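Chains as they are written, first to last, in this note's numbering: chain H, 76 to 312; chain Z, 76 to 312. Idealized CB from N, CA, C, for every residue including glycine. Note that this is a predicted model, so its numbers are computed, not measured. Working notes, structure below.
There are 2 protein chains.
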Amino acid sequence: MRRLEVLAVEGMGEVAPGDVLAASIVDAVGREGPALADGDVVVVTQKVVSKAEGRLVELDPHDAHARRHLVEEQSLRVLRVRDELLITETPHGFVCANAGIDLSNVASGRAALLPLDADRSARRIRDGLRARLGIEVGVVVSDTFGRPWRRGSTDVAIGCAGVAAVVDLRGTPDGLGRPLQVTEVAVADELASAAELVMGKASGVPVAVVRGVDPAWLRPSSVAAEVVRPPGENLFW
Amino acid sequence: MRRLEVLAVEGMGEVAPGDVLAASIVDAVGREGPALADGDVVVVTQKVVSKAEGRLVELDPHDAHARRHLVEEQSLRVLRVRDELLITETPHGFVCANAGIDLSNVASGRAALLPLDADRSARRIRDGLRARLGIEVGVVVSDTFGRPWRRGSTDVAIGCAGVAAVVDLRGTPDGLGRPLQVTEVAVADELASAAELVMGKASGVPVAVVRGVDPAWLRPSSVAAEVVRPPGENLFW
């Protein structure tokens, strides 16, 4: 029977610029488990990646003008505006609210920008876990995005390493032996969503482990290459 | 430590119009486990819900004209067209490819339409499981949707019962004691995505169980009321 486990990694403590996340994860896991193993996928929230990488800027949370300026500065283009909310495209090709800038859980007066390259962030964490524990894991850097036609946010992957962003089932026969129609599954996004279910927004758990993923998904990959649609493919601007 | 399990329910066999899904699930679980328990969330794919409810129409898969006519007939409006792909809004308020009509895994020459009211479908399954097993579970009816700016599909909730579609964390303090900014989490969508990770597209597993969800999420809810944005809230048409 196929079975997954999703485990919160507690006890990470506060993350500061310059921290090595792989080391923090190994410490937290060593204190409170679950022990990491080959084939696990480690999901790390953007918030702690941005903090560790020093992607913090000063911002008065009550200064709407400064906030808007920062969002525009961190965007390639603004797609929609409603009140305080800007939907923008970031230089990474992500379309999200306020250029992905995060004010929650950041010490008052500072905002966290997206990592410059979250695929690279994921690779660094993966390499660090291999160096420290001698294991091969997949890593997903997750962030919380809204959706255009559905209320509520879900967590998605903004970077990954060692685990497929998208699994292409084209040509795989369906249960009746005919070719499948829906074919490309964004498993890194689904892993990010599964992880969010044990993290919660308020509980301060920035890392989760997904155990039991299909070993075929554990391969080199990147969100930039596999998930971000090239401009010509986008039907909604 | 917070921990979830996601378990595939195998051995469901083919579903036919008129089948009582709660009975099929109880049979499959009885043969191959996992035993269902209070507080579980049972995720059921749209495909078997539509089949059980007889939402099947004849369609020659090679007749592009008939296919397009069917998609338009099942839509309130067409938002975008590219080649064979139509992005439409369904009468339920879902924005998805081809009005959510499913050709894969449907016996050749027939297409599966969306359930008329997947929240009601979910309630029926939940009531049937309570009647047969004496347990209270949440039920999510899932479907596979694409996303406008990201490649690959993810599974989302098109109906739910007994489990929150959206959890509102507004006013909950973050880890540093300040109010949270990102506040509404679409947990039913995240549960659908987590379930998809054990179902696969080709393996013919139409049901999964998510065990260990926050008990506070187990309450009356519906996708129609909590997830579908009213037209005035939509920024993208």
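query, result
"Cut-off 7 Å between Cβ atoms - residues of its own chain near Trp292(Z), not counting five sequence neighbours on either side", "Val238, Ala239, Val242, Val262"
"Coil, strand or helix - Val153(Z) by DSSP", "strand"
"Best match in Asp135(H), Ala187(H), Ser268(H), Gly93(H) for proximity to Ile176(H) [C-alpha to C-alpha]", "Ala187(H)"
"Complete alpha helix (DSSP H) runs within the region 154-240 of chain H (minimum length 4 residues, chain order)", "193-208"
"Whether Ala283(Z) touches Val90(Z) by CB criterion (8 Å)", "no"
"Residue interval of the beta strand (DSSP E) (run including Glu80(Z))", "78-84"
"Closer than 9 Å at the beta carbon, the chain H residues around Pro92(Z)", "Simply none; closest approach about 17 Å."
"Rounded distance between the beta-carbons of Val285(H) and Val115(H), thought under 8 Å", "A quick correction: the sequence has Asp, not Val, at residue 115(H). Right, the Cβ-Cβ distance comes to about 7 Å (below 8 Å), so this counts as a contact."
"Among Arg294(Z), Glu148(Z), Val212(Z), Asp194(Z), the one whose alpha carbon lies nearest that of Ala110(Z)", "Val212(Z)"
"Contact check, Ala197(Z) vs Ser217(Z), beta carbons under 8 Å", "no"
"Stretch pair the region 136-148 of chain Z + the region 191-207 of chain H: three plus CB contacts closer than 8 Å", "no"
"Local Cβ density within 10 Å of Trp224(Z), reported as buried at 16 or more and exposed below that", "buried"
"Contact with chain H by Arg304(Z), beta-carbon distance below 8 Å", "yes"
"Given Gly234(Z) as reference, the closest of Glu271(Z), Asp202(Z), Arg222(Z), Glu301(Z) once Cα atoms are compared", "Glu301(Z)"
"Contact check, Leu96(Z) vs Arg155(H), beta carbons under 8 Å", "no"
"Buried or exposed by the 16-neighbour rule on C-beta atoms within 10 Å, applied to Leu160(Z)", "exposed"
"Extent of the continuous beta strand (DSSP E) to which Arg286(Z) belongs", "282-286"
"Chain-ordered residues of the region 132-155 of chain H with a beta carbon less than 7 Å from chain Z", "Arg155"
"For Ile200(H) and Val117(H), believed in contact at Cβ under 8 Å, the rounded distance", "7 Å"
"Where Pro166(Z) meets chain H, residues with beta-carbon distance less than 9 Å", "Those do not exist, as Pro166(Z) stays about 14 Å from chain H at its closest Cβ, beyond 9 Å."
"For Ser278(Z) and Ala267(H), the rounded distance between their alpha carbons", "22 Å"
"Per DSSP, the bridge partner or partners of Asp243(H)", "Glu259(H)"
"Residues in the region 228-241 of chain H having any Cβ partner in chain Z nearer than 8 Å", "Ser228, Thr229, Asp230, Val231, Ala240, Val241"
"Exposure of Pro295(Z), with buried meaning 16 or more beta-carbon neighbours within 10 Å", "exposed"
"Endpoints, the beta strand (DSSP E) within which Val90(H) is located", "Note, Val90(H): premise wrong, no beta strand (DSSP E); not H, not E."
"Under 7 Å by beta carbon: chain H residues contacting Leu310(Z)", "Arg155, Arg157, Ile162, Pro223"
"Sheet register partners of Glu133(Z) (DSSP bridge)", "Arg185(Z)"
"Terminal residues of the alpha helix (DSSP H) in which Val298(H) lies", "298-301"
"Counted within 10 angstroms of its Cβ, other Cβ atoms place Arg130(H) as buried (16 or more) or exposed", "buried"
"Sequence-distant residues of its chain with Cβ nearer than 7 Å to Asp264(Z) (five each side left out)", "Val231, Ala232"
"Gly227(H), buried or exposed, once every other Cβ within 10 Å from all chains shown has been counted against 16", "buried"
"Unbroken alpha helix (DSSP H) run spanning Gly105(Z), endpoints", "96-107"
"Chain-order list of residues whose beta-carbon lies under 7 Å from that of Arg205(H) (same chain, five-residue window excluded)", "Glu211"
"Listed by chain order, chain Z residues near Ser99(H) by CB distance under 9 Å", "The contacting residues do not exist; Ser99(H) stays about 15 Å from chain Z at best."
"C-beta contact flag for Leu79(Z) and Gln121(Z) at 8 Å", "no"
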